[in-house]
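Notes to accompany the following structure.
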Amino acid sequence: MSGPPAEPAARVELRQERDVAAARLAVSRVMDAMGARALRKTRFVTAVSEIARNALDHGGGGVIEVWRLDRPARIMIRCRDEGPGIADIDQAMTDGFSTARSMGKGLGGARRLVEAFRIDSRPGVGTTVEMEARP
Amino acid sequence: MPEAASIYKVDKVLLVAIRDNITDTDIINLQEDLSERIVSEKARGVVIDIAALEIVDTFVGRILAQLSAISRLLAAETYIVGMRPAVAMTLVELGMDLPGSKTALSLSHALRALKAKGLA
């Protein structure tokens, strides 16, 4: 995955459950500053919440970074963990697939809520998810 | 459960206000407190207020479904109120349209519905 050029507008460490709310708030604030529409913000922040919780529950924690990109204006996040990785990404993206206590709609749901979704996962190395949307 | 949720009694109905930063640990306490209070206060109605929630992800959606199911099994009719329009649209896209839960636009709508059935 090629990295965005600028410094992130926000960065949140995901170490405990409360950090998922902190990640939502950070993304929400950046989108407010971009003048995002209510529905777009709700969709993107919901997707961020799913991805952040995944990194915490399955990846043993991680970090989420938020960028404001121009031309065209959009928001981008990257969430990285150094957990066990996802053996079968296609299976994990399918609604109803769950290895933990969730309903198995998180990852596939997040992908439906954003305009661009990239996932890179290597067993034993970790998982990186990037998501992008217009504000 | 110090901050993430509170249970109030309004008329004969238990009102549960859920806040934005609710966690797994809070949920277990909330489920326990709510089920005990439904029984001890002989509540026939429960209203879960989610107006404070900017978003509802699959985690919180699952909590709402579970709270509704527990209340229903304890014979208390349960309404979820205060859902924002953008949250409703997002939940449908997530495939979580909360089939087992009743909703009302606001607390007063839910109380009116419960009163009409003699439950509040």
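As given, the protein sequences belong to chains A and B, one line each in that order. Taken in order, the first sequence gives residues 1 to 135; the numbers are from full-length UniProt numbering. Taken in order, the second sequence gives residues 1 to 120; the numbers are from full-length UniProt numbering. Note that the Cβ used here is the ideal one computed from N, Cα and C, for glycine as well.
Beta-carbon gap between residue i and residue j smaller than 8 Å
i, j, result
"Val20 (chain A)", "Ala52 (chain A)", "yes"
"Thr103 (chain B)", "Ile80 (chain B)", "yes"
"Val16 (chain B)", "Leu74 (chain B)", "no"
"Val48 (chain A)", "Pro8 (chain A)", "no"
"residue 140 (chain A)", "Ile86 (chain A)", "Chain A is shown only over 1 to 135; residue 140 (chain A) falls outside these bounds and no answer can be derived."
"Gly59 (chain A)", "Arg15 (chain A)", "no"
"Ala88 (chain B)", "Leu39 (chain A)", "no"
"Leu94 (chain B)", "Thr58 (chain B)", "yes"
"Gly83 (chain A)", "Met93 (chain A)", "no"
"Ala43 (chain B)", "Ile22 (chain B)", "no"
"Val27 (chain A)", "Phe44 (chain A)", "yes"
"Ile7 (chain B)", "Asp24 (chain B)", "no"
Contacting residues, own chain, Cβ-Cβ under 7 Å from residue i (five flanking each side not counted)
i, result
"Thr46 (chain A)", "Leu113"
"Asp11 (chain B)", "Leu111, Ala120"
"Arg68 (chain A)", "Ala9, Val30, Met34, Ile75"
"Ala65 (chain B)", "Leu98, Gly100, Ser101"
"Leu114 (chain B)", "Val13, Gly45, Glu77, Ala120"
"Ile89 (chain A)", "Ile119, Ser121"
"Ala22 (chain A)", "Val12"
Close Cβ partners of residue i (< 6 Å) along its chain, the five nearest in sequence each way excluded
i, result
"Thr128 (chain A)", "Arg80, Asp120"
"Val46 (chain B)", "Leu14, Ser71, Ala76, Thr78"
"Phe117 (chain A)", "Arg111, Met131"
CA-to-CA distance, residue j to residue i, given in whole angstroms
i, j, result
"Arg74 (chain A)", "Arg19 (chain B)", "29 Å"
"Ile50 (chain B)", "Gly82 (chain B)", "5 Å"
"Ile27 (chain B)", "Leu53 (chain B)", "15 Å"
"Ser108 (chain B)", "Ala6 (chain A)", "49 Å"
"Pro135 (chain A)", "Arg37 (chain A)", "6 Å"
"Asp57 (chain A)", "Arg84 (chain B)", "27 Å"
"Met103 (chain A)", "Ala116 (chain B)", "Because the pLDDT at Met103 (chain A) is just 48, under 50, the model does not fix this residue reliably, and the value given afterwards should be weighed accordingly. Rounded to whole angstroms, Met103 (chain A) to Ala116 (chain B) spans 35 Å at the Cα level."
"Val56 (chain B)", "Lys9 (chain B)", "24 Å"
"Glu17 (chain A)", "Leu25 (chain A)", "13 Å"
"Gly90 (chain B)", "Glu41 (chain B)", "Correcting the residue type first, residue 90 (chain B) is Thr in the shown sequence and not Gly. Taking the straight line from one Cα to the other gives about 35 Å."
"Val12 (chain A)", "Asp70 (chain A)", "22 Å"
"Ala55 (chain A)", "Gly61 (chain B)", "19 Å"
"Thr42 (chain A)", "Gln91 (chain A)", "26 Å"
Outcome for residue i when other beta-carbon atoms lying within 10 angstroms are tallied against a minimum of 16
i, result
"Met96 (chain B)", "buried"
"Leu105 (chain B)", "exposed"
"Val92 (chain B)", "exposed"
"Val125 (chain A)", "exposed"
"Val39 (chain B)", "exposed"
"Gly118 (chain B)", "exposed"
"Glu115 (chain A)", "exposed"
"Glu36 (chain B)", "exposed"
"Glu50 (chain A)", "buried"
Which residues DSSP lists as bridging residue i, in chain order
i, result
"Thr128 (chain A)", "A:Arg80, A:Asp120"
"Gly45 (chain B)", "B:Val13, B:Glu77"
"Lys117 (chain B)", "Answer is none; Lys117 (chain B) lacks a bridge partner."
"Ser6 (chain B)", "B:Ala17"
"Ile75 (chain A)", "A:Arg68, A:Ala133"
"Leu14 (chain A)", "A:Gly62"
"Ala104 (chain B)", "B:Val81"
Chain D contact for residue i (CB, 8 Å cutoff)
i, result
"Leu56 (chain A)", "As a matter of chain content, chain D is missing from the structure shown, whose protein chains are A and B."
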